[in-house]
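The numbering used here numbers the first residue of the sequence shown as 168 and each following residue consecutively. Yeah, the Cβ is synthetic: ideal placement off N, Cα and C, and Gly gets one too. The structure displayed is predicted, hence computed values, not measured ones.
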Amino acid sequence: MSERANRAVFSGGFIAWIAAVAMVAGPLSGATAAGSAEDALAVEILNATGVKGGLIVHLGCGDGKLTAALRANDSYLVHGLDADAKNVAKAREHIRSRKGYPNVSVDQWAKDRLPYIDNLVNLLVAEDLGKIPRAEVLRVLAPDGVAYVKAGGKWAKTVKGRPKETDEWTHYLHDASNNAVGHDTVVGPPRRM
Numbered sequence: 168m169s170e171r172a173n174r175a176v177f178s179g180g181f182i183a184w185i186a187a188v189a190m191v192a193g194p195l196s197g198a199t200a201a202g203s204a205e206d207a208l209a210v211e212i213l214n215a216t217g218v219k220g221g222l223i224v225h226l227g228c229g230d231g232k233l234t235a236a237l238r239a240n241d242s243y244l245v246h247g248l249d250a251d252a253k254n255v256a257k258a259r260e261h262i263r264s265r266k267g268y269p270n271v272s273v274d275q276w277a278k279d280r281l282p283y284i285d286n287l288v289n290l291l292v293a294e295d296l297g298k299i300p301r302a303e304v305l306r307v308l309a310p311d312g313v314a315y316v317k318a319g320g321k322w323a324k325t326v327k328g329r330p331k332e333t334d335e336w337t338h339y340l341h342d343a344s345n346n347a348v349g350h351d352t353v354v355g356p357p358r359r360m
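Right, here's the structure in full:
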């Protein structure tokens, strides 16, 4: 490119014109690409809870739209549960229709004990816990896991604490001393499958 062409392309007028187009086109493109109400609610839930990845459980998943939307990226694995077989069928149909959502599944579940091992779930979302007791929700939540439950028209966030018996590994080999021995008294061999 000649020096004269460089001056013409990179002059202040051309750059100002590009900036003006970007300022006008930016908001318009966002408005035309706006997602559904479920997508907006999923973003709100993920922002409010601060969960950045892991297993999300959606209790009472209904038609599956929010369930699918909760998988914001590849850091999440989402499992929806619903007592109604018709809702499960609708949810599965919706999830299959959304390309790019292979890590979202839905199952029928109507029991008061959740189908997960202890300390597994990073985020549990429910508009109604039904007959599932709060203690059961805390059982399946991982340490620092979040239960986001709607009660009285408002969402309430509950964070499961980290047990005092667990040690924090800040480095690959426990801590800055590179000693691979931690002070965790909870860890041990598996006790069940």
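Worksheet item: Measuring CA to CA, which of G227, D241, V245, A235 is closest to K253?
Response: Selected option, being the one with the closest Cα: G227.
Worksheet item: Helix, strand or coil: how does DSSP classify H341 here?
Response: Here H341 sits in strand by DSSP.
Practice prompt. Please state whether DSSP places M190 in a helix, a strand or coil.
Written response: Since pLDDT at M190 reaches only 41, below the 50 mark, its modelled position is unreliable, and the value read off the structure follows with that caveat. Helix, per DSSP.
Item to complete: Grab me the residues of L233's own chain with a C-beta within less than 8 angstroms of its C-beta, minus the 5 sequence neighbours each way, in chain order.
Response: E205, L208, A209, H225, V292, listed in sequence order.
Item to complete: Evaluate Y339 with the Cβ neighbour count: other Cβ atoms within 10 Å of its Cβ, from every protein chain shown; 16 or more gives buried, anything less gives exposed.
Response: Label assigned to Y339: exposed.
Item to complete: Taking L290 as the reference, give the member of P300, W276, A314 with the closest Cα.
Response: Looking at the Cα atoms, A314 is the closest of the given residues.
Worksheet item: Could you give the distance in angstroms between the alpha-carbon of I182 and the alpha-carbon of D230?
Response: Residue confidence for I182 is low, a pLDDT of 44 falling below 50, so the modelled location carries little weight; the figure read from the coordinates is stated next. I182 and D230 have their C-alpha atoms spaced approximately 48 angstroms apart.
Practice prompt. Please look up how many angstroms separate the CB atoms of L296 and V316, rounded, as I've assumed it's under 8 angstroms.
Written response: Rounded, the Cβ-Cβ distance is 6 angstroms, consistent with contact.
Practice prompt. Put K253 into one of helix, strand or coil per three-state DSSP.
Written response: Correct three-state label for K253: helix.
Discussion item. Can you look up A201 in the DSSP assignment and give me helix, strand or coil?
Written reply: Only weak support is given to the placement of A201: the predicted model assigns it a pLDDT of 47, under 50, and the question is left unresolved by the model.
Worksheet item: For D351, which residues of its own chain have a beta-carbon under 6 angstroms away from its beta-carbon, when the five flanking residues on both sides are left out?
Response: Cβ neighbours of D351 beyond the five flanking positions: T333, D334.
Item to complete: Would you kindly work out how many angstroms separate the C-alpha atoms of Y243 and N270, rounded to a whole number?
Response: Distance between the alpha carbons of Y243 and N270: 8 angstroms.
Worksheet item: Can you name, in chain order, every residue of its own chain whose Cβ lies under 6 angstroms from the Cβ of L305, other than the five neighbours on each side?
Response: So the list reads K327, once near-sequence residues are dropped.
Worksheet item: Start and end of the beta strand (DSSP E) containing T325?
Response: Counted as a single uninterrupted DSSP element, the beta strand (DSSP E) harbouring T325 occupies residues 321-326.
Worksheet entry | Buried versus exposed call for G247 [16 or more other C-beta atoms within 10 Å across all chains shown] | Taking a 10 Å sphere around the C-beta of G247, we find 16 or more other C-beta atoms and assign the residue as buried.
Item to complete: Check whether the Cβ atoms of Q275 and V255 lie closer than 8 angstroms to each other.
Response: Annotated as proximal: Q275 and V255, with beta-carbon spacing under 8 angstroms.
Fill in: Residue range of the unbroken beta strand (DSSP E) whose run includes A293
Looking at the DSSP string, the run of the beta strand (DSSP E) that includes A293 is 288-293.
Worksheet item: Exposed or buried, which one is V348 when buried takes at least 16 other CB atoms within 10 Å?
Response: With fewer than 16 Cβ atoms within 10 Å of its Cβ, V348 is classed as exposed.
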